Each structure stands twice: as C-alpha cells, then as structure tokens.
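Each residue of the sequence shown is one higher than the last, beginning at 297 in my numbering.
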Amino acid sequence: MATENSAVLSVTHAEWIKIKSLRSSLISLLVIFAATLAITVLASATIGRAEADNPDAEPLFDAFYAFNFGQIAAISFGTTAMSSEYTSGALRISLAAVPRRGLFYGSKMLVIGGLALLAGLVTGFATFLTSQAFLGDYAIGLGHPGAVRACVGGGIYLALMALLAAGLTAVLRSGVAVLSILIPFTLIVSFVVGDVADGAAGYLPDKAGRQVLHETTTGSLGPWAGLAVCAAWTGAVLLAGWWAVRRRDA
C-alpha cells in the first residue's frame, strides 16, 4: 500500500511539473480567473445597476454572467493540458516513464481537476464579491440565499468542464478538434437546442451545470441535481478517455 501511494504521489507530482512547465496550459488556467473577473468588472460597472433594477432580474445568477466566458477558459485549460501528450511523441515518452496507463491517466486528470477546482473556487467567490461591489443598494451578500452554494458550485462546474475537455481530448487526440466542438457547443448549440426543446436542453452538461448558479430552480433540475448531471457527462467522457488511452497505440 505504501509503495502504491508513493507511486501515485510521484506520478501526480510529475504531471504537475508538466502542466506548470507548459506555458499554454498555465496561461489558460490563469485566464479562468483573470478573464472572468475582468468581464465581471466591465459588466457590473457599466450596466450592473441598470440590470439590477430590471423587474425580471435574478441577482444571484446575474452576478455570475462572466462564467459564460470563464467556462471557455476552463475548457481551453483542460484541452491544452491533455493535448500536449499528443504532440511530438510526448505520449510515448510519458508511457515509457509510467507504463501503467491507468495510473498515468488518473494522475493527469487528478492534477487537471485539482488545479481547475482551485481556480474555479477562487473565481467563484471573487466574481460574486466583485460584482456586488458595483451595485450599491442593489447589492446582495454571501448571506443571500444560495450565494455560498453558487460560489462553491460554480467552482466545481468550471472544474467539471475542464475535465470534460481533457477526457474528450484523450478520445479525439486533437486539441483543435475538441475546442472546435466544445466552444461552439457551449456558446451556440445549447442555446439553439434550448429554443427548440427546452426540457432536453436542461440536461446538456453546460445548461445542467449552471443550474447551481441560480437562486431557485428554473427547470426540471435543481441546483445540485443539475451539477450531478454535468458530473455524469464528465464521468462518461473521462471513462471514454481512459479506454482510449489504455487501448490505443501511443
């Protein structure tokens, strides 16, 4: 058991060094926080109070408007962190160092998920608190119903999207292909499907996951149930990625 734990720690540490040394992955990770916060400041400072005065406004969900862009950075981080293995024969080198493919894949996903979760949680709380700083009398605090849950759940959601992208990259072996699929999907396709079949759209990973940002249930899924659906999508894609790494030639 001690030897097994030592192996897991060693491989996990090696995967952290890889990601830390890859400029594209590290920048994508930092952009999760930086882009989300920048858009939050811009939106809150310009139209925040006007939107808050709207009778149809949802103060909690509106505070996380910039997550529409933060999820793109999370997808990019997961994609670049995994796609680096498929350039210049890097995967063969990785598997030569760690012949146990399950250990290699699991350790990489653990590091990707852990880093994305940390960035997501920091981003969630920073986004909420920053948005409220511009709203004056319309501001709500962390004591508002669902606020802490939205901050924490939002961080988990960003981590799930990063892992979904990483798993899909392992299946397709192409970062370009994954970004070409997931970015249009989250920005366009899910909204189009929502207009055509609102009930079905609620079970798409991005739509379901963002339920956790709402104060009250807006569809057939509650906040945590929606996040669970998003986690199920991610888990299925991660399993497909694990199969691809184990069965395909490096």
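We put the beta carbon where it would ideally sit given N, CA and C, even for glycine.
All values reported here derive from a predicted model rather than from experimental measurement.
Roughly how many whole angstroms lie between the Cα atoms of residue i and residue j?
{"i": "A392", "j": "A331", "result": "37 Å"}
{"i": "A435", "j": "A536", "result": "44 Å"}
{"i": "L322", "j": "G439", "result": "33 Å"}
{"i": "I368", "j": "A496", "result": "22 Å"}
{"i": "A443", "j": "Q507", "result": "13 Å"}
{"i": "W539", "j": "S302", "result": "24 Å"}
{"i": "V511", "j": "L399", "result": "The displayed chain sequence assigns Glu, not Val, to residue 511. Going by the C-alpha atoms only, they are around 39 Å apart."}
{"i": "A554", "j": "V525", "result": "What is shown of the chain runs 297 to 546, which leaves residue 554 out entirely."}
{"i": "A493", "j": "S380", "result": "Here A493 scores only 48 on pLDDT, less than 50, and its place in the model should not be relied on; the value that follows carries that caveat. Answer to the nearest angstrom: the Cα atoms are 37 Å apart."}
{"i": "L464", "j": "I479", "result": "13 Å"}
{"i": "L333", "j": "G385", "result": "37 Å"}
{"i": "S340", "j": "D349", "result": "13 Å"}
{"i": "F357", "j": "T514", "result": "11 Å"}
{"i": "D433", "j": "G344", "result": "12 Å"}
{"i": "E311", "j": "G437", "result": "38 Å"}
{"i": "F329", "j": "P355", "result": "21 Å"}
{"i": "I408", "j": "R319", "result": "15 Å"}
{"i": "F360", "j": "L425", "result": "10 Å"}
{"i": "Y401", "j": "V394", "result": "10 Å"}
Output the boundary residues of the alpha helix (DSSP H) element that contains residue i.
{"i": "V337", "result": "R319 to A348"}
{"i": "G442", "result": "Careful: G442 lies outside any alpha helix (DSSP H) and carries neither H nor E."}
{"i": "R396", "result": "Unbroken run through R396: none, as it is neither H nor E."}
{"i": "V541", "result": "P519 to R543"}
{"i": "P355", "result": "P355 to A359"}
{"i": "D480", "result": "In the sequence on display, residue 480 carries Pro and not Asp. G471 to P480 is the extent of the alpha helix (DSSP H) around P480."}
{"i": "P501", "result": "P501 to G505"}
Under 8 Å by Cβ, that's how I've got residue i and residue j pegged, so tell me the actual separation to the nearest angstrom.
{"i": "L460", "j": "V533", "result": "5 Å"}
{"i": "G416", "j": "L454", "result": "3 Å"}
{"i": "T308", "j": "S403", "result": "5 Å"}
Does the beta carbon of residue i fall short of 7 Å from some heavy atom of the ligand SAH?
{"i": "I343", "result": "By its list of ligands, the structure shown contains no ligand whatsoever, and the ligand SAH lies outside what it can speak to."}
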